[in-house]
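Participant: Sharing a structure below in structure tokens format, with a few things to ask.
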Amino acid sequence: MSAATDRKTIASILALVSERFSRAGLSYGHGTDNPDDEALWLLCAELNLQPEVLENNLQTAISPEKESRILELCELRISTRKPLAYLIKEAWFAGLKFYVDERVIIPRSHISDCILDEFQPWIGTGDIHNILDLCTGSGCIAIASALALPGVKVDAVDISTDALAVADVNIKNYQLQDRVQAINSDLFTELAPRQYDLILTNPPYVGDKEYAALPREYHHEPKLALFSHREGLEIPIKILSESGKYLTPTGCLIMEVGASADLLQELMPQIPFLWLATETGETSIFLLTATQLAESQQVFAGLLH
Ligand SMILES: C[S@@+](CC[C@H](N)C(=O)[O-])C[C@H]1O[C@@H](n2cnc3c(N)ncnc32)[C@H](O)[C@@H]1O
513 MSAATDRKTI ASILALVSER FSRAGLSYGH GTDNPDDEAL WLLCAELNLQ
563 PEVLENNLQT AISPEKESRI LELCELRIST RKPLAYLIKE AWFAGLKFYV
613 DERVIIPRSH ISDCILDEFQ PWIGTGDIHN ILDLCTGSGC IAIASALALP
663 GVKVDAVDIS TDALAVADVN IKNYQLQDRV QAINSDLFTE LAPRQYDLIL
713 TNPPYVGDKE YAALPREYHH EPKLALFSHR EGLEIPIKIL SESGKYLTPT
763 GCLIMEVGAS ADLLQELMPQ IPFLWLATET GETSIFLLTA TQLAESQQVF
813 AGLLH
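Structure follows, in structure tokens:
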């Protein structure tokens, strides 16, 4: 029997990894939502193949070296509960690949839907010249927006210098140094007074009880990226209260608040949040215009103290 015939096929390794993931009772949510897709992602990354190509080559043999690396990563995923994205150092957002490591949260914001729709019908494409991506992390929202809207300039702000180092890697990978600028700032504090056509933000919005209950996978992500005081709403409220000053008169704010959406609405029933349904039907992202923000200043100010 030749050595080549002893080799396992892509199909057999894929089935093995998927079965091990399934038996281990992993938690998903960092790029996939089931063991089959997680196994597919691992093999695609390690074999450097697109999913369609891999699925058309299921009977191809895998080298022993590749097989042992894939099984090693499979075991690491199970024993450490680290999200796969950290093990293979890649994540996908708005159809684009990003470098990630433990210095940043793994991209998964539903703001990707708005970006892919080029913010239609909320704001005319020709009306967007400058965007602020507040709480940029890996830079995924800033970079995907810059690529969706050629010519647009984006300021990508984060308080974490670790996160900004990762954002810089991604900005360079997409050769966007001329249009996307990483800025170290605690929300708006270090920003020059200026006005943007659009503020996009996926800030930390997870409260303490929700944070403590998160599966182990999420505890590998920086707590700074997830946790916010006041049941998750401290940072979103600060952003609400300051955004108006940084928007053009026709500009708007788009913010993701995840499961804190209900609490936010309860806390300020008078604010006309426009909830943008995502492809999965979730209402975790809202839009407010500069005018609405200006008219709501007193409400936000009252909640800050
Ligand atoms: C939920 S993550 C979002 C990252 C990225 N935009 C994404 O969607 O994947 C929130 C980010 O906000 C940053 N952050 C936390 N507090 C901040 C603050 N006060 N000012 C600026 N950035 C902050 C964290 O470092 C983290 O990178």
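Whatever position you read off the sequence shown (first residue = 1), add 512 for the working numbering. We put the beta carbon where it would ideally sit given N, CA and C, even for glycine. In this text the structure is predicted, and so the values were computed from the model without any measurement.
1) Below 7 Å, is the gap between the Cβ of Pro-595 and the nearest heavy atom of ligand 1?
2) What is the DSSP secondary structure of Ala-515, counted as helix, strand or coil?
3) So, helix, strand or coil for Ala-557, using DSSP?
4) Taking Thr-792 as the reference, give the member of Gly-770, Leu-786, Ala-806 with the closest Cα.
5) Under 7 Å Cβ to Cβ from Thr-544, same chain only, skipping five residues before and after it: list those, please.
6) Going by C-alpha to C-alpha distance, which of His-731, Glu-754, Gly-541, Glu-564 sits closest to Leu-703?
7) Can the beta-carbon of Gln-804 be found closer than 8 Å to that of Thr-760?
8) Give me the DSSP bridge partner(s) of Tyr-708.
9) What did DSSP end up calling Gln-632 once you bin it into helix, strand or coil?
10) Go through the stretch 552 to 616 residue by residue and report every complete run of the alpha helix (DSSP H) that reaches 4 residues or more, in order.
11) Take Gly-763 and list the residues in its own chain whose beta-carbon comes closer than 8 Å to its own, dropping the five residues that flank it on each side.
12) Give me the Cα-Cα distance between Thr-795 and Phe-739, rounded to the nearest whole angstrom.
13) Mapping DSSP to helix, strand and coil, what is Gln-689?
14) Which value, in whole angstroms, describes the spacing of the CA atoms of Ile-653 and Glu-587?
15) Does Val-678 pass the burial test, meaning 16 or more other C-beta atoms within 10 Å, or should it be called exposed?
16) I need the straight-line Cα distance from Val-616 to Asn-685, nearest angstrom please.
17) Using the Cβ count rule (16 or more neighbours within 10 Å means buried), how would you classify Arg-728?
18) List the DSSP bridge partners of Leu-800.
19) Can you give the Cα-Cα distance for Asp-680 and Asp-518, rounded to whole angstroms?
20) Tell me the residue span of the alpha helix (DSSP H) that contains Val-529.
Facilitator: From the atom records:
1) no
2) Any reading at Ala-515 must be qualified, since the residue scores a pLDDT of 46, below 50, and its modelled position is unreliable; no value is offered.
3) helix
4) Gly-770
5) Glu-550, Trp-553
6) Glu-754
7) no
8) Leu-759
9) coil
10) 563 to 567, 576 to 592, 596 to 600
11) Ile-635, Gln-707, Tyr-708, Asp-709, Leu-710, Ile-711, Thr-801, Ala-802
12) 20 Å
13) coil
14) 32 Å
15) buried
16) 17 Å
17) exposed
18) Leu-765
19) 44 Å
20) 522 to 536
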